[in-house]
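Written below as structure tokens is the structure these notes are about.
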Amino acid sequence: MMPRSPGAPTPGPAETPTYTRTVTESERVALRPEILSLASYRQGTAASSDAFKLSSNENPFEPITAVLDAISSASINRYPDGSALEVRLRLAARNGVPVESVHVGAGSVALIAQLIQAAAGPGDEVVYAWRSFEAYPSLVTVAGATRVEVPIDPVDGTHDLEAMAAAITDRTRVVIVCTPNNPTGTIVTEAEFARFMDSVPPTVLVLLDEAYAEFVTDPAAVSGIPSLDSYPNLVVLRTFSKAYGLAGLRFGYAIGSPYILDAARATAIPLSVIEQAQRAAIAALDHEEVLMERVSRLTVLRDRVWSALSDQGFRVPEPQGNFVWLATGAHTAEAAAIFLRHGVVVRALGEDGLRVTIGEVQSVDRLLTAAEEVLRTLPTPEPLARLD
Ligand SMILES: Cc1ncc(COP(=O)(O)O)c(C=O)c1O
766 MMPRSPGAPT PGPAETPTYT RTVTESERVA LRPEILSLAS YRQGTAASSD
816 AFKLSSNENP FEPITAVLDA ISSASINRYP DGSALEVRLR LAARNGVPVE
866 SVHVGAGSVA LIAQLIQAAA GPGDEVVYAW RSFEAYPSLV TVAGATRVEV
916 PIDPVDGTHD LEAMAAAITD RTRVVIVCTP NNPTGTIVTE AEFARFMDSV
966 PPTVLVLLDE AYAEFVTDPA AVSGIPSLDS YPNLVVLRTF SKAYGLAGLR
1016 FGYAIGSPYI LDAARATAIP LSVIEQAQRA AIAALDHEEV LMERVSRLTV
1066 LRDRVWSALS DQGFRVPEPQ GNFVWLATGA HTAEAAAIFL RHGVVVRALG
1116 EDGLRVTIGE VQSVDRLLTA AEEVLRTLPT PEPLARLD
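Start counting the sequence shown at 766; every next residue gets the next number (the numbering used here).
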């Protein structure tokens, strides 16, 4: 314990609260109305100790020893390397791109925020599919730009890329394509993506969000990095949160033209990628084979769950991430409650459906029992919920 200097006040909680003043209407400061109406980011519900948390698309495996060692060797009293040079060099070598084409952030969500802010402000539009990643709407609003949400295909949950291309106007600055799409798990194929990119004006920034790329097993899926040569307006986003199991350390990266990444960097909160995250990412790259073997175990489990749900009578879009989508529509809240009763915490998304992460192997029996009860007890089939 640190010795206290004589006469120093005792640290610790005050016995009675010292700040209890409530603010009257006339005392309120002026805040941006669009921010006031924004709901803050909703995290997956925490699970009780006997429940499985399948609500945040996290990786169920414990960190490998090399990652734990790397974290514990990082310094804490010093600021991290703001240029993250060592890990960027590793990522550049791994992906066959120059180091100037790699930018890192505290999670890929931070990078998406930076890229939107770099390209779009008040009066500008950002086009994305909906439903997609829950953070997109608020990231656009925080930048001061206007959201343009293009509905996903109501039957198969895929991006409607033709409609997205048609939604581009003179005011569009950014288009986000998410593949596999969170929450429907569907991919954009290479051919679809090429057709789409050919119809996007070269002055519009396209963000290809590949947070779940490592889980993709469909050979037809687009892979962003090889597409960069053809499309100078493209930036690809990847993360260490999912396949690499580092969600808690916050580390993601973007690959694209250096001048776009420099603009993104200019909007970033300095030094937010901590040294532990940089070192852990390097250790994860050193042991990528072990981590990818875990990923393939998860994809095998995913396909098993998918086929069991289909056998039960659900119509689930082919999942290519580490999660499955049950379009429970108006019955989403009731369906989530059924899962919870079976000890499975899932992500309920409005009145659209449930996203269920593929997690611990032990969670699968409960997941399937709950799904069977959902199908048996809830009325009115929704478009995606049942096979006819
Ligand atoms: C599609 C998509 N993009 C980006 C992210 C952000 O991931 P992170 O900020 O942890 O890298 C997520 C996380 O769930 C996601 O689902």
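We put the beta carbon where it would ideally sit given N, CA and C, even for glycine.
What you are looking at is a predicted structure, and each value in this text was computed from that prediction instead of being measured.
Nearest candidate by alpha-carbon position, reference residue i, set the options
i	options	result
V1038	L819, L850 and P828	L850
R938	L926, E927 and Y893	Y893
E823	I800, T1142, I1123 and A931	I1123
M962	A931, A908, A1033 and T1004	A931
T923	P948, V905 and V913	P948
P798	G909, A1048 and R1062	G909
V987	V1081, T1134, I952 and D1068	I952
E1099	A1136, V1129 and T1004	A1136
D935	P828, V788, A885 and E975	A885
R1030	A878, A928, T787 and V794	A878
L1089	F1079, T787 and A1095	For clarity, residue 1089 is Val in the given sequence; the question names Leu instead. When each option's Cα is compared against that of V1089, the closest is F1079.
V832	F1104, P1144 and I1047	I1047
E955	A976, A985 and V1139	A985
I829	S814, I1103 and E1058	E1058
L1143	P782, L1133 and I1103	I1103
R1131	V1070, P887 and I841	V1070
Under 8 Å between C-beta atoms of residue i and residue j
i	j	result
V852	V864	no
G1115	A1092	no
L876	L1036	no
L973	V942	yes
F1016	G847	no
G1021	L1050	no
P1023	S866	yes
W895	I917	yes
N860	F980	no
Q1043	P845	yes
L1056	Y1018	no
D921	P1082	yes
A839	E1040	yes
V1129	L1063	no
V940	A928	no
V891	V905	yes
A1113	A1095	no
Q1085	T968	no
E899	T944	no
For residue j and residue i, believed in contact at Cβ under 8 Å, the rounded distance
i	j	result
I933	V965	6 Å
V1109	L819	6 Å
A1045	L1011	6 Å
P902	R912	5 Å
A883	T1032	5 Å
V1111	V1121	5 Å
Collapsed DSSP secondary structure at residue i in the structure displayed
i	result
H868	strand
G1094	helix
T1004	strand
T1142	helix
T1134	helix
I941	strand
E1125	coil
T1064	helix
I1020	strand
Beta carbon shell of ligand 1 at less than 6 Å from a heavy atom: N822, G872, S873, V874, F898, C943, N947, D974, A976, T1004, S1006, A1012 and G1017
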